[in-house]
Structure formats: structure tokens, C-alpha cells
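Comments concern the structure below.
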Amino acid sequence: MSNMYFLTYEIAGDFLMRNRFYVIGPLLLSLAGAFLFASFPILLQAKEGQLSLQWEEAYLQIQHYFSGLSDGSSFRFYTGRTEHSLAEQLGSYWWPSFFYVSIAALGSLSLGLLLALSLYKYRKVRNTLDMLVIIPDFVIMIMLQLFVVLFYKSTGILLARIATFMSDEPAVALPLLSMVLVPTFYVLRNLSVHIDDALTADYIRTVKAKGFSRGYILLKHMLPNVIPYLKADLPKFLGIIMSNLFIVEYFYNVHGITKLMLSSGFERVEVSSGVLSGYQFPLVLNALLVFMILYGIVLWMSRLFLYALEKGAKR
Numbered sequence: 001m002s003n004m005y006f007l008t009y010e011i012a013g014d015f016l017m018r019n020r021f022y023v024i025g026p027l028l029l030s031l032a033g034a035f036l037f038a039s040f041p042i043l044l045q046a047k048e049g050q051l052s053l054q055w056e057e058a059y060l061q062i063q064h065y066f067s068g069l070s071d072g073s074s075f076r077f078y079t080g081r082t083e084h085s086l087a088e089q090l091g092s093y094w095w096p097s098f099f100y101v102s103i104a105a106l107g108s109l110s111l112g113l114l115l116a117l118s119l120y121k122y123r124k125v126r127n128t129l130d131m132l133v134i135i136p137d138f139v140i141m142i143m144l145q146l147f148v149v150l151f152y153k154s155t156g157i158l159l160a161r162i163a164t165f166m167s168d169e170p171a172v173a174l175p176l177l178s179m180v181l182v183p184t185f186y187v188l189r190n191l192s193v194h195i196d197d198a199l200t201a202d203y204i205r206t207v208k209a210k211g212f213s214r215g216y217i218l219l220k221h222m223l224p225n226v227i228p229y230l231k232a233d234l235p236k237f238l239g240i241i242m243s244n245l246f247i248v249e250y251f252y253n254v255h256g257i258t259k260l261m262l263s264s265g266f267e268r269v270e271v272s273s274g275v276l277s278g279y280q281f282p283l284v285l286n287a288l289l290v291f292m293i294l295y296g297i298v299l300w301m302s303r304l305f306l307y308a309l310e311k312g313a314k315r
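All residue numbers for the sequence shown refer to full-length UniProt numbering, where the first residue is 1 and numbers rise by one.
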């Protein structure tokens with residue numbers, strides 16, 4: 001047990017030292033992007049039948065946000081006429097989003113790797129699964145819900161809840177399946193190309209000629225060869241998952257970060273004479289910042305997972 005803890009500590013320490021400067025540049029760009037995105041509904045408004053840029057209004061909103069950090073007003077929001085504290089409500093919205101994104105990331109990486117390595121001899125099967133990645137996310141969600149409904153009508157057995165209608169009875173299986181499927185097929189499709197290239201490499205042929213088992217070749221030679229491609233593709237991979245989160249939380253009525261932003265941030269918006277009012281800029285900005293933190297944590301978890309997998313395969 002002590003050896004396992006030491007190995008975990010060694011892996012985490014080595015990983016952090018190698019990647020301590022990795023997030024600085026993207027973090028600054030992401031912060032600027034969050035402020036710009038949250039300001040966009042204020043910045044771009046219609047006046048006298050034409051779109052115009054309201055730089056002063058956007059600047060005032062940002063200024064009010066920073067001034068509200070001291071008295072806490074930037075961390076309060078409304079649902080209807082009820083005022084809420086974001087600090088008190090954040091946990092109930094954070095954990096569902098974190099659960100779905102983290103499970104989707106680690107599950108998709110694991111399943112994609114497993115399928116790519118186990119099906120490396122069956123190119124036709126891989127090509128068939130590769131085609132599934134082109135199916136839009138919302139189509140997959142509709143098909144899953146339709147299947148559950150038809151199965152229930154035919155057998156009387158409810159396989160899963162099709163949406164969250166009550167807070168104490170959340171939908172879990174279908175949202176999670178919707179989050180995992182497309183990223184898994186994406187990993188499988190990308191790895192299939194690299195596996196096909198690796199199979200023609202001289203060192204793989206040499207290992208096969210020496211009579212090593214299939215499992216040994218997969219774990220000790222194929223796996224370390226494809227993991228670097230996964231690590232390089234992680235930002236795009238997580239981008240797919242994070243964009244899916246918007247659709248999944250809205251489609252299945254999951255009370256997560258993006259649902260909070262979309263339902264409450266724009267809930268009181270009114271347009272009068274081309275002027276936007278009621279838009280909760282602090283809430284939208286805070287939700288985007290939390291969204292960035294969520295992305296960063298899951299990116300770190302995914303990199304640590306792949307790093308541990310790669311180091312374990314080389315031992």
C-alpha cells in the first residue's frame with residue numbers, strides 16, 4: 001500500500017513540475033474571452049434598426065462588476081423576483097456539471113483506448129464505429145430518449161429517466177451516456193489512424209516475430225505509442241465534452257452551471273427601443289469563470305490519468 005501511495009505522489013509531483021507553465025497563456029486568453037463573451041449581449045445592440053457597438057455600456061458593466069466584488073453584489077443574482085447568493089447556490093450547480101464532465105472525460109478516454117487497442121485487427125468494425133462520430137449530439141439524445149420510451153411502452157420497464165423533472169429524482173444514465181458516446185467515438189477514430197501507422201513500424205514487426213503475446217504488445221508497445229497523440233489532442237477532446245455539456249444540461253433539464261447561466265442569466269432580459277435591460281452580466285460572467293475552472297480541473301485530471309497510464313505501461 002505504501003508503494004502505491006509513493007507511486008501516486010511521484011507521478012503527481014513529476015506531472016505538476018512538467019506542466020506548471022502550461023496553463024498561463026491559455027488562462028489569460030480564456031479570461032479575456034470570458035469577459036468579451038459575457039459583454040457581447042451588451043456590446044452589440046440594435047438602435048434605429050441598425051446594429052451598433054456599445055463600448056461604453058460594456059465598459060460600465062465590467063467596471064460595476066469589479067466594484068461589486070468588495071460588497072458582494074457581483075455574487076448575487078435573481079430568479080424571477082427572488083434574489084440569491086451565488087456562494088450559497090454554487091455547490092448545487094457545480095457538482096452535477098463536474099460529475100458529468102469528469103466521468104465523460106475519463107470514461108471516454110478509457111473506452112476509446114480500449115476499443116482502439118482491442119479492435120486494431122478489425123478495421124471494418126472500427127470504420128463502422130468511426131462513422132458514428134458524425135451524428136449530431138442532439139440527434140443521439142433524441143434517439144436515446146425515443147428508445148427508452150418505446151422500450152417502456154413495449155415492456156413496462158423504465159430503463160432510465162428521460163429528463164430531470166424533480167430535484168430528488170435526477171436523470172443520470174441518459175445524460176451520462178450522451179456525454180460519453182461522441183467523445184469515445186472521437187478518440188477511437190483518431191487513435192485508429194495512429195494504430196494503423198504503428199502496425200507497419202519495424203519495432204512492432206520485430207516484437208511480433210519474437211513471439212510476444214498480443215496483450216504484451218498492446219500494453220508495452222502500442223499503448224505508449226498512442227498516448228502522446230491523445231495528450232496533444234486533449235484540448236480539442238475536452239472542447240467537445242464541454243460543448244456537449246451545454247446541450248445535455250438544457251436537453252435533460254440538468255441543474256448545472258450552464259443551465260444556471262442560460263436560464264437565470266437571460267431570464268429577465270427585455271429589449272425596449274433597442275436597449276437591453278435585465279441581463280444579469282455578473283451571473284453570466286461568474287458562470288463562465290466557473291466553467292473555465294471546471295475545464296481546467298478536468299484537463300488536469302485527464303493529463304494526470306494519461307501520464308499515469310503512460311508511466312505504468314513503461315514500467
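Just so you know, even glycine gets a beta-carbon here, dropped at the ideal spot from N, CA and C.
Just so it is clear, the structure is predicted and the values come from calculations on it, not from any experiment.
Where does Tyr295 land, buried or exposed, given buried means 16+ other C-beta within 10 angstroms?
The sequence position of residue 295 within the sequence shown is 295, counting from 1. Burial call: buried.
Please report the straight-line C-alpha distance between Ser273 and Ser97, rounded to a whole angstrom.
Your numbering for residue 273 matches position 273 in the sequence shown. Your numbering for residue 97 matches position 97 in the sequence shown. Residue placement at Ser273 is poorly supported in this model, since its pLDDT is 44, which falls under 50; the coordinates still yield a value, given next. The alpha-carbon atoms of Ser273 and Ser97 are separated by roughly 37 Å.
Pick helix, strand or coil for Leu258, following the three-state DSSP scheme.
For the purposes of this step, residue 258 is identified with residue 258 of the sequence shown, where counting begins at 1. Per the sequence shown, the amino acid found at residue 258 is Thr instead of Leu. The answer is helix: DSSP assigns Thr258 an H, G or I state.
What do you get for Gln50, buried or exposed, if any count of 16 or more other CB atoms within 10 angstroms of its CB means buried?
Translated into positions along the sequence shown, residue 50 becomes position 50. Counting Cβ neighbours within 10 Å, Gln50 comes out exposed, since fewer than 16 surround it.
Could you check what DSSP says for Tyr279 in three-state terms: helix, strand or coil?
Within the sequence shown, residue 279 is the residue found at index 279, counting from 1. Of the three classes helix, strand and coil, the one that applies to Tyr279 here is coil, per DSSP.
Within the chosen definition, does the stretch 174-181 reach the stretch 258-266 through at least 3 CB pairs nearer than 8 Å?
With the cut-off at 8 Å, the stretch 174-181 and the stretch 258-266 do not touch.
Can you grab the Cα-Cα spacing for the pair Ser67 / Lys220, in whole Å?
As a first step, residue 67 is located in the sequence shown; it is residue number 67 there, counting from the start. As a first step, residue 220 is located in the sequence shown; it is residue number 220 there, counting from the start. Between Ser67 and Lys220, the C-alpha separation is close to 56 Å.
At a cut of 8 Å, does the stretch 231-244 reach the stretch 100-114 through at least three beta carbon pairs?
Short answer: they touch.
Per DSSP, Phe84 forms a beta bridge with which residues?
Translated into the one-based positions of the sequence shown, residue 84 becomes position 84. Note on identity: in this sequence residue 84 is His, with Phe being the wrong assignment. According to DSSP, His84 bridges with Phe77.
Are there 16 or more other CB atoms within 10 angstroms of the CB of Met222, so buried, or fewer, so exposed?
Here the question's residue 222 lines up with position 222 in the sequence shown. Flag for Met222 reads buried.
For Arg81, count neighbouring Cβ atoms within 10 angstroms of its own Cβ and tell me buried if that reaches 16, exposed if not.
Taking the first residue of the sequence shown as 1, we reach residue 81 at position 81. It is exposed - the Cβ of Arg81 has fewer than 16 other Cβ atoms within 10 Å.
Using only alpha-carbon positions, find the residue among Val290, Ile195 and Ile293 that is nearest to Ser118.
Translated into the one-based positions of the sequence shown, residue 118 becomes position 118. When each option's Cα is compared against that of Ser118, the closest is Ile195.
So with Cβ pairs under 9 Å, would you call Asp71 a contact of chain C?
The chain inventory of the structure shown lacks chain C, comprising one protein chain alone.
Measure from the alpha carbon of Leu60 to the alpha carbon of each residue in Ala38, Met141 and Thr258, then state which is nearest.
Residue numbering aside, residue 60 sits at position 60 when the sequence shown is read from its first letter. When only C-alpha atoms are compared, the closest one is Ala38.
Are the Cβ atoms of Leu245 and Ala34 separated by less than 9 Å?
Position 245 of the sequence shown holds residue 245. Position 34 of the sequence shown holds residue 34. No, the pair does not count as a contact, with Cβ atoms beyond the cut-off.
Does Gln45 come out as helix, strand or coil in the three-state DSSP assignment?
Position 45 of the sequence shown, counted from the first residue, corresponds to residue 45. In the structure shown, Gln45 sits in a strand (DSSP, three-state: E or B).
Indicate the three-state DSSP secondary structure (helix, strand or coil) for Leu119 in the structure shown.
Within the sequence shown, numbered from 1, the residue matching residue 119 stands at position 119. Coil, per DSSP.
Which value, in whole angstroms, describes the spacing of the CA atoms of Asp129 and Ser192?
Indexing the sequence shown from 1 puts residue 129 at position 129. Indexing the sequence shown from 1 puts residue 192 at position 192. In the sequence under discussion, the amino acid at residue 129 is Leu, which differs from the Asp named in the question. If I take the Cα positions, the gap works out to 11 Å.
Would you mind working out which of Tyr65, Val254, Lys259 and Leu44 sits nearest Ile162, comparing C-alpha positions?
Here residue 162 refers to the residue found at position 162 when the sequence shown is read from its first residue. Considering only alpha carbons, the answer is Val254.
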